[in-house]
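Chains as they are written, first to last, in this note's numbering: chain A, 379 to 790; chain B, 6 to 283. All C-beta atoms in this analysis are idealised placements derived from N, C-alpha and C, irrespective of residue type, glycine included. Because the structure is a prediction, the values reported are computed rather than measured.
Have a look at this one:
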């Protein structure tokens with residue numbers, strides 16, 4: 379049997395720093411047609427490098443990797459949204475991709491209308507949608523609101539409807555990106571169950587990207603570990619997961635207090651604006667950090683502390699919620715998302731890790747929870763720096779400076 | 006299972022991808038249907054707007070150009086019929102162009118997440134203008150009925166000329182629309198250029214005046230080459246006794262097709278990178 383998907387030496391190059399990534403404005407060209415000639419060199423960045431693998435029909439494959447490993451880029455190439463710079467992929471079947479739930483949903487249209495709109499954008503024929511319509515409505519559980527405009531739906535209902543449509547696609551290959559990261563646990567279970575049905579009983583091929591490793595373990599038979607755009611491991615899913623957690627030993631989110639914890643750190647996400655969906659930043663970028671905490675018992679006062687530590691293990695910054703006048707008092711049980719933005723990070727290029735700490739006061743014995751090396755991110759020199767050489771790695775921080783020169787008046 | 010086999014690789018060769026467009030034909034319908042639906046949702050008068058707009062324009066143009074400035078229509082056509090026939094064709098062109106130029110940007114969220122032939126987006130946004138046109142045809146026929154005593158209508162000509170005129174208009178709009186929508190993804194300046202361009206073109210095209218206003222033969226000839234001017238003249242032909250210049254219509258059609266080829270070529274060339282740029 380021939381593989382249903384042959385990925386052969388795929389590479390994808392992105393341009394950073396230079397104009398091609400930004401919107402070009404005609405003014406740039408009209409006002410200065412010669413500027414192009416002396417523009418600084420455009421830096422390029424390989425999101426994927428020489429990625430090759432085969433997938434047999436009926437396999438379900440999990441793609442694992444850290445932020446910025448190239449997972450999303452790979453899925454985008456597989457879904458034909460963006461072409462590879464080099465290499466090719468041979469597909470022997472219809473691919474449907476779900477990079478987002480509810481693509482094409484329009485708030486003004488009713489639920490019924492959106493099912494048709496979304497379904498057809500996902501590549502379903504009208505006949506197919508007609509055939510599955512009742513099943514879709516049933517799965518989503520929004521029958522009473524079918525003729526209500528989508529804008530009146532709660533976000534949970536929108537999500538259920540969206541997944542219901544997607545779950546009834548009938549392609550040979552289904553590509554799914556992290557769509558289960560949203561929605562309540564019960565619905566997540568339902569979705570995972572549906573996906574298992576699809577892959578096991580209907581024999582479809584699934585490519586699945588998720589940070590939810592247990593979902594991957596339950597659903598997939600094969601795993602591919604990506605790291606910085608390269609394939610590090612391909613093989614049986616459990617081996618892939620072991621390989622991945624091994625490679626992660628310094629960056630997994632582990633809570634130190636496990637017995638009767640008041641709260642745990644559930645997740646930490648660092649997202650870059652400059653290089654989408656990665657944890658790579660230019661000097662001077664804003665660093666957005668999302669910390670998800672789960673509180674088990676009511677907490678009167680909470681201090682959350684985030685330490686930025688460089689690759690030599692030196693403490694570079696100590697951030698606390700009170701610094702920005704965010705007072706956390708009387709938290710009831712539940713899950714909370716704390717967003718932290720570091721404005722214009724001015725540190726030397728390198729790898730940085732983040733330690734998390736939470737307690738009722740600053741005293742060490744008031745600690746609720748701690749997580750060492752919860753995540754890491756990388757700072758690179760990037761576009762804001764005009765110098766022609768690399769910034770020395772032993773200079774601890776970077777400072778913005780203004781320079782000028784005047785002829786000195788000689789007062790002798 | 007191995008019925009369909011295709012390759013994903015760096016884009017280099019050029020093709021229109023008609024076969025693929027045909028596979029996704031239903032998407033044209035759904036995009037058009039969505040845009041039409043959304044456009045008139047929450048508007049009390051709904052589809053009446055498609056009828057009222059050309060009617061109001063006809064009235065104001067009649068007042069200003071015919072009564073005020075004493076602009077002469079072709080032959081003996083009453084000015085309101087003359088203006089409305091021009092406006093209907095003009096509206097397909099101007100609304101279609103406006104919609105399609107913005108279409109890729111306003112659908113960027115879909116384009117970045119799902120693959121389908123991108124041409125569907127600008128083309129179906131032009132179809133929306135065509136749907137509006139169909140509604141405004143009602144008012145056109147009402148106005149013809151209203152002026153039936155001062156107007157001679159050649160029914161055979163109407164049946165032949167109107168579809169051909171619409172065809173030329175739609176092809177021209179497809180061409181320019183796909184061209185502008187592709188450019189707009191890369192250069193957002195076109196968001197500002199297009200409304201201005203449309204205003205400008207309103208005065209270049211014989212919407213409000215006769216296409217034979219120029220004494221200069223060369224200018225007259227250039228005017229005749231313009232496919233939109235040709236389409237407008239053709240739409241007025243059923244009310245005239247003059248001979249229809251079919252060779253010129255063919256030339257117009259040819260120019261329209263050239264524009265279409267140019268538009269689709271530009272679009273297809275940049276299409277693959279829309280998701281990276283938008």
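Item	Value
For residue 13 of chain B, the residue or residues it bridges with in DSSP	A:467
Alpha-carbon spacing of residue 56 of chain B relative to residue 146 of chain B, whole angstroms	11 Å
Residue 277 of chain B: contacting residues in chain A (beta-carbon distance under 7 Å)	461
Every unbroken beta strand (DSSP E) inside the segment 429-487 of chain A [3 residues or more]	438-443, 464-469, 473-476
Stretch-stretch touch, CB-based, cutoff 8 Å, three pairs: the segment 232-239 of chain B with the segment 170-189 of chain B	yes
Residue from B:126, B:12, B:23, B:117 with nearest C-alpha to residue 32 of chain B	B:126
Residues near residue 37 of chain B by beta carbon distance below 6 Å, same chain, minus five either side	129, 132, 133
Assigned secondary structure, residue 667 of chain A (DSSP; H/G/I helix, E/B strand, else coil)	strand
Minimum Cβ-Cβ distance from residue 486 of chain A to chain B less than 9 Å	yes
Given residue 107 of chain B as reference, the closest of B:139, B:49, B:40, B:118 once Cα atoms are compared	B:40
Rounded straight-line distance, which links the Cα of residue 242 of chain B to that of residue 160 of chain B	11 Å
C-alpha gap between residue 731 of chain A and residue 756 of chain A, whole angstroms	9 Å
Cutoff 9 Å: residue 548 of chain A Cβ touching any chain B Cβ	no
Same chain, Cβ closer than 8 Å to residue 759 of chain A, five either side skipped, listed in chain order	660, 661, 727, 768, 769
Under 9 Å from the C-beta of residue 478 of chain A: neighbouring residues of chain B	114, 117, 118, 119
Residue 680 of chain A beta carbon less than 9 Å from that of residue 718 of chain A	no
Boundaries (first-last residue) of the beta strand (DSSP E) holding residue 781 of chain A	That residue, residue 781 of chain A, is in no beta strand (DSSP E); it is neither H nor E in DSSP.
Buried versus exposed call for residue 228 of chain B [16 or more other C-beta atoms within 10 Å across all chains shown]	buried
contact_flag[the segment 603-611 of chain A, the segment 437-449 of chain A] where n(CB pairs < 8 Å) is 3 or more	yes
Contacting residues, own chain, Cβ-Cβ under 7 Å from residue 180 of chain B (five flanking each side not counted)	261, 264, 265, 267, 268
Neighbour flag for residue 608 of chain A against chain B, beta carbons, 9 Å	no
Through-space distance from residue 280 of chain B to residue 113 of chain B, alpha-carbon basis	8 Å
Sufficient close CB pairs (3 or more, under 8 Å) joining the segment 772-779 of chain A to the segment 740-756 of chain A	no
Distance between residue 153 of chain B and residue 92 of chain B (C-alpha atoms, nearest Å)	19 Å
Opening and closing residue of the beta strand (DSSP E) in which residue 553 of chain A lies	551-555
Residue range of the beta strand (DSSP E) that includes residue 707 of chain A	706-709
First through last residue of the alpha helix (DSSP H) which encompasses residue 694 of chain A	First-last for residue 694 of chain A: 693-698, but that is the beta strand (DSSP E), not the alpha helix (DSSP H).
Members of the segment 33-48 of chain B near chain A, C-beta cut-off 9 Å	34, 35, 36, 38, 39, 42, 43, 46, 47
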